[in-house]
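Student: Numbering of the sequence shown is given in this note's numbering, commencing with residue 7 and proceeding in unit increments.
Quick reminder that beta carbons are idealized off the backbone N, C-alpha and C, glycines included.
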Amino acid sequence: MKLFKMVTSVDKHGRITLQTGALDAAGLKPGDEVNVTLAVDADENTCPQIVLTPIASEADEPLCDCEEDGVEISLSLPDLLLEAAEISEASALKIVCAPGAIVILEADILDNLPDELHELFAALGINPDTVREVMRKEGYFV
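1. How many whole angstroms separate the CB atoms of T59 and A113, which I take to be in contact at a CB cut-off of 8 Å?
2. What first and last residue would you give for the beta strand (DSSP E) that runs through L44?
3. Look up I108 in the DSSP assignment and give the residues it is bridged to.
4. Beta-carbon separation of V16 and V57 under 7 Å?
5. What's the gap between the Cα of E125 and the Cα of I101?
6. Between which residues of its own chain and R21 is the CB-CB distance below 8 Å, once the five residues before and five after are set aside?
7. Do you know how far the Cα of A91 is from the Cα of V46?
8. Where does V57 sit, in a helix, a strand or coil, going by DSSP?
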């Protein structure tokens, strides 16, 4: 695996330009669509991380079927890794797989809500961060 480190800037339209060599190595060409995952700390935002993955059916496949012969398969991560990533031990995880990469993210708790509730909260003007906070503190059942 190669890591490409470069310095670039955000232009006045909010766009970031990446070097052609890095795009070529990733198998991307002008006009290709990509999934962009931006991980930021809600409080300090000291070290945001951006992950680009090609839009392909295999990029969003789960790491495993999560159930084999009626037995749920689980993934355990060391507490030190979770602490370093500032992910609570109780958090659900989202795993995104792409060729040559496995990215483990804290799952957005709002993904557990039915679309109808998302729409209701939006129509009522309730901030999604408020819904997240209530769900974390009070628990939720869906």
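Tutor: By the coordinates alone:
1. Translated into the one-based positions of the sequence shown, residue 59 becomes position 53. Translated into the one-based positions of the sequence shown, residue 113 becomes position 107. Contact doesn't hold; Cβ gap of about 17 Å is too wide.
2. Position 38 of the sequence shown, counting from 1, holds the residue named residue 44. Unbroken beta strand (DSSP E) run through L44: V40 to A45.
3. Sequence index remark: in the sequence shown, residue 108 carries index 102 (1-based). C103, per the DSSP bridge assignment.
4. On the sequence shown, residue 16 is found 10 positions in, with the first residue counted as 1. On the sequence shown, residue 57 is found 51 positions in, with the first residue counted as 1. Not in contact: V16 and V57 (Cβ atoms no closer than 7 Å).
5. Taking the sequence shown and counting its residues from 1, the one referred to as residue 125 is at position 119. Taking the sequence shown and counting its residues from 1, the one referred to as residue 101 is at position 95. Each residue's alpha carbon lies about 26 Å from the other.
6. Here residue 21 refers to the residue found at position 15 of the sequence shown. Same-chain partners within the cutoff: there are none.
7. What you label residue 46 is simply residue 40 of the sequence shown in a count that begins at 1. What you label residue 91 is simply residue 85 of the sequence shown in a count that begins at 1. If I take the Cα positions, the gap works out to 11 Å.
8. Here residue 57 refers to the residue found at position 51 when the sequence shown is read from its first residue. DSSP places V57 in strand when its eight states are reduced to three.
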